[in-house]
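Beneath this line is the structure, given in structure tokens, with notes to follow.
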Amino acid sequence: MALSPGYNDESVLVIETFIRDKVRDARAKGAVLGLSGGLDSAVVATMCARALGSERVLCIMMPDATTPPQEMEDARELALQLEVEHMTVDIDPVLDIFRQKLGGDVEDHAFGNVKARARMTVLYYHGQIRDYLVMGTGNKSELLMGYFTKYGDGGVDYQPLGDLYKTQVRSLAADIGLPAKFIEKPPSANLLPGQTDEDDMGIAYEDLDRILLGIEIGMGDGDIEERTGLPGAEVARVRGIVTATKHKRRIPLAPKLGIRTIGWDWRE
């Protein structure tokens with residue numbers, strides 16, 4: 001039998017209930033998120049508006065010089081359709097200051113993470129002044145591969161899509177009626193010109209998600225190779241990345257000295 005993540009049509013209800021409950025439990029007034037024009041942020045924006053009401057959602061577009069104009073146009077169009085509060089914050093002036101202060105040649109990938117952290121700062125500023133929670137837009141595939149910026153797009157209060165693989169997010173997007181252009185466009189972090197997720201990770205999401213599912217359910221590399229038909233070396237590579245990026249998915253650990261230690265055995 002083929003190994004592939006299925007889609008549970010109860011996911012919409014579970015996620016919307018999650019959003020509503022977490023905002024209520026925090027005694028917050030609403031939710032803020034970055035709206036990039038991509039699929040994941042479009043899904044989270046839509047589900048926040050459905051769960052909380054459009055009047056309790058703020059979407060912020062945060063372009064820089066490398067952001068494709070069409071992405072911002074798609075983001076604005078969706079925000080208008082959802083009737084949520086939205087704004088555009090150009091982060092280039094902030095990035096220019098960073099470039100000047102860092103001095104010398106700026107390394108592209110490291111500076112891409114500076115962009116993500118600048119956006120996180122904008123979201124938390126507006127979240128604090130409104131008493132809104134910051135909702136992330138990461139999916140399970142990205143999180144397991146460490147394909148996010150630590151304290152950047154990974155710096156959020158909650159991840160509504162964090163237990164759905166990318167292929168499952170596409171199914172959910174169709175389920176809630178998102179336009180096909182969001183589902184079909186190549187996923188990109190848009191931190192570098194021409195960047196795509198699949199080029200960066202070296203694997204298509206359809207293949208990646210099958211491997212990750214095998215890892216999730218405790219299969220060995222040989223069994224995953226047999227069930228997916230993918231090369232064993234690729235399975236081992238993905239497993240290695242999941243292991244190496246573990247630190248990105250956990251709070252900073254302390255050496256264990258007490259009876260219960262935060263990050264180890266303290267559960268909340």
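Take this note's numbering: the final residue in the sequence shown is number 268, and no numbers are missing along the way.
Backbone N, C-alpha and C fix where the C-beta goes; we use that ideal spot for every residue, glycine too.
These figures come from a predicted structure and were not determined experimentally.
DSSP bridge partner residues for residue i (one or two, in chain order)
{"i": "Glu85", "result": "Leu58"}
{"i": "Val44", "result": "Val44 pairs with nothing; no bridge assigned."}
{"i": "Trp266", "result": "Ile262"}
Nearest-angstrom Cα separation, counted from residue j out to residue i
{"i": "Leu39", "j": "Ser141", "result": "14 Å"}
{"i": "Ala30", "j": "Pro231", "result": "In the sequence as presented, Ala is not what sits at residue 30; that position holds Gly. So the two alpha carbons sit approximately 46 Å from each other."}
{"i": "Asp197", "j": "Ala79", "result": "24 Å"}
{"i": "Val114", "j": "Asn190", "result": "13 Å"}
{"i": "Gly194", "j": "Ala65", "result": "13 Å"}
{"i": "Leu143", "j": "Pro186", "result": "18 Å"}
{"i": "Glu268", "j": "Gly136", "result": "20 Å"}
{"i": "Arg210", "j": "Gly222", "result": "13 Å"}
{"i": "Met67", "j": "Ala75", "result": "According to the sequence as given, residue 67 is Thr; it is not Met. Their Cα atoms are separated by approximately 12 Å."}
{"i": "Ile251", "j": "Lys150", "result": "10 Å"}
{"i": "Glu234", "j": "Ile215", "result": "13 Å"}
{"i": "Trp266", "j": "Arg260", "result": "5 Å"}
{"i": "Ala42", "j": "Val169", "result": "11 Å"}
{"i": "Leu3", "j": "Arg130", "result": "44 Å"}
{"i": "Glu83", "j": "Glu55", "result": "8 Å"}
{"i": "Met201", "j": "Tyr147", "result": "8 Å"}
{"i": "Gln128", "j": "Ala118", "result": "16 Å"}
{"i": "Ala236", "j": "Tyr165", "result": "19 Å"}
Residue i vs residue j beta-carbon contact at 8 Å
{"i": "Val89", "j": "Arg99", "result": "no"}
{"i": "Leu172", "j": "Gly138", "result": "no"}
{"i": "Trp264", "j": "Leu257", "result": "no"}
{"i": "Lys22", "j": "Tyr158", "result": "yes"}
{"i": "Ile60", "j": "His126", "result": "yes"}
{"i": "Leu33", "j": "Val44", "result": "yes"}
{"i": "Asp153", "j": "Ala116", "result": "yes"}
{"i": "Ile15", "j": "Leu52", "result": "no"}
Limits of the beta strand (DSSP E) - the one that residue i falls within
{"i": "Val32", "result": "30-34"}
Residue span of the alpha helix (DSSP H) that contains residue i, given as start and end
{"i": "Thr245", "result": "Careful: Thr245 lies outside any alpha helix (DSSP H) and carries neither H nor E."}
{"i": "Gly222", "result": "221-228"}
{"i": "Gln100", "result": "92-102"}
{"i": "Ser11", "result": "11-25"}
{"i": "Gly107", "result": "The identity of residue 107 in the sequence shown is Glu, whereas the question assumes Gly. From DSSP, Glu107 is part of no alpha helix (DSSP H); its letter is neither H nor E."}
{"i": "Gly214", "result": "205-216"}
Residue-level contact to chain D via CB, residue i, 8 Å cutoff
{"i": "Met72", "result": "Chain labels in this structure do not include chain D; a single protein chain is all it has."}
Legend entry - Unbroken stretches of the alpha helix (DSSP H), 4 residues or longer, contained in the segment 126-182: If we require 4 residues or more, the alpha helix (DSSP H) runs fully inside the segment 126-182 come out as 140-145, 166-175.
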